[in-house]
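For the sequence shown, our numbering assigns the number 769 to the initial residue and increments by one for each residue that follows. All C-beta atoms, glycine included, are put in the ideal place defined by N, C-alpha and C. All values reported here derive from a predicted model rather than from experimental measurement. This report refers to the structure that appears directly beneath it.
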Amino acid sequence: MSRFKAVIFDLDGVITDTAHYHYLAWKQLAESQGVHFDHEFNESLKGIDRMGSLDLILASASRQYTPEEKLALADVKNRHYQELISTMSAADLLPGAVAALDTVRAAGLRIGLASVSKNAFTVLGRLGITDKFDYVVDAATIARGKPDPEIFLRAAHELGVAPADCLGVEDAVAGVAAIKAAGMFALGIGHPFVLTEADVVITSLKEFNLAAY
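Structural data, given as structure tokens:
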């Protein structure tokens, strides 16, 4: 028996990896504005929502942008990203992802998704796993992105589970911070020396062991 009543997963970097698609879309957008963009810059955007990422990119531009211009640029990036993810399939699921979801379901726990992507439903559909989640919270339904705990608190509320009874799964520093701020147990996917706030860190969902947390 698990001590938790629900598990709330992040999407990118946990269930699937759309980082390369985000990288390509942001790189094209940044360079169109005269901003150098490389993999290191892309890593600094991990776990940050679209408008927050855009602000970081445009901070290196040679001019200021109006709110309207920023919205237009964010739309350009998103349309390019949507074109890229339209080719995704179940083959893009990360190792251990489906097994982890099935383990949680078999244990009788509720399953949520907390993703700052506004394309979360599209990605889940392409991966063929939409029906594995009881509730999905994406960027379109929250006011504040990670590391604010709003997205995880909203997921817990919609799942009908107290935050203290939830296990949150994240691969980004901002995401782990959001889980902890929500009062949940944080399982990090990645490296312990990076995800220092996580309660437990594993390298991928292949190592997921619900009974161990």
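With DSSP collapsed to three states, give me the class of residue i.
i, result
"T871", "helix"
"L895", "helix"
"T784", "strand"
"L927", "helix"
"V866", "helix"
"L797", "helix"
"L813", "coil"
Under 7 angstroms between the Cβ atoms of residue i and residue j?
i, j, result
"A875", "L973", "no"
"V884", "D817", "yes"
"L978", "F953", "no"
"K838", "L822", "yes"
"P915", "A942", "yes"
"A882", "A923", "yes"
"D939", "I919", "no"
"A949", "G896", "no"
"V937", "F777", "yes"
"S828", "V803", "yes"
For residue i, is the classification buried or exposed, using 16 other Cβ atoms within 10 angstroms of its Cβ as the cut-off for buried?
i, result
"L921", "buried"
"T784", "buried"
"E836", "exposed"
"T786", "buried"
"P917", "buried"
"A888", "buried"
"R894", "buried"
"A774", "buried"
"D780", "buried"
"A966", "buried"
"A793", "buried"
"A930", "exposed"
Could you check if residue i belongs to the surroundings of the ligand GTP, using beta carbon to heavy atom distance under 6 angstroms?
i, result
"E811", "Annotation note on the ligand GTP: not contained in the displayed structure, which lists no ligands."
What span of residues does the alpha helix (DSSP H) with residue i cover, start to end?
i, result
"E851", "P835 to I853"
"A949", "V941 to A949"
"R878", "It is not in any alpha helix (DSSP H) - R878 instead sits in the beta strand (DSSP E) that spans R878 to A882."
"G820", "R818 to L826"
"E938", "Premise fails: E938 lies in the beta strand (DSSP E), C934 to E938, not in any alpha helix (DSSP H)."
"Y981", "Premise fails: Y981 is in no alpha helix (DSSP H) and is neither H nor E."
"F805", "Per DSSP, F805 belongs to no alpha helix (DSSP H) and is neither H nor E."
With residue i and residue j assumed to form a contact (beta carbons below 8 angstroms), what rounded beta-carbon distance in angstroms separates them?
i, j, result
"Q801", "H848", "The pair is not a contact, with the Cβ atoms about 14 angstroms apart (cut-off 8 angstroms)."
"T890", "I853", "7 angstroms"
"E799", "F805", "6 angstroms"
"L955", "R878", "Actually they are not in contact, since the Cβ atoms of L955 and R878 sit about 16 angstroms apart, beyond 8 angstroms."
"G880", "D902", "6 angstroms"
"K886", "A911", "Not a contact, Cβ separation roughly 14 angstroms."
"V944", "H959", "12 angstroms between Cβ atoms; not a contact."
"H807", "Y791", "7 angstroms"
"F976", "T898", "F976 to T898, Cβ: 20 angstroms. No contact."
If I follow the unbroken beta strand (DSSP E) through residue i, where does it start and stop?
i, result
"G913", "Note, G913: premise wrong, no beta strand (DSSP E); not H, not E."
"G956", "F953 to I957"
"A1035", "Outside the displayed span of the chain (769 to 981) sits residue 1035, for which this structure offers no information."
"L973", "That residue, L973, is in no beta strand (DSSP E); it is neither H nor E in DSSP."
"V962", "No beta strand (DSSP E) contains V962, which DSSP labels as neither H nor E."
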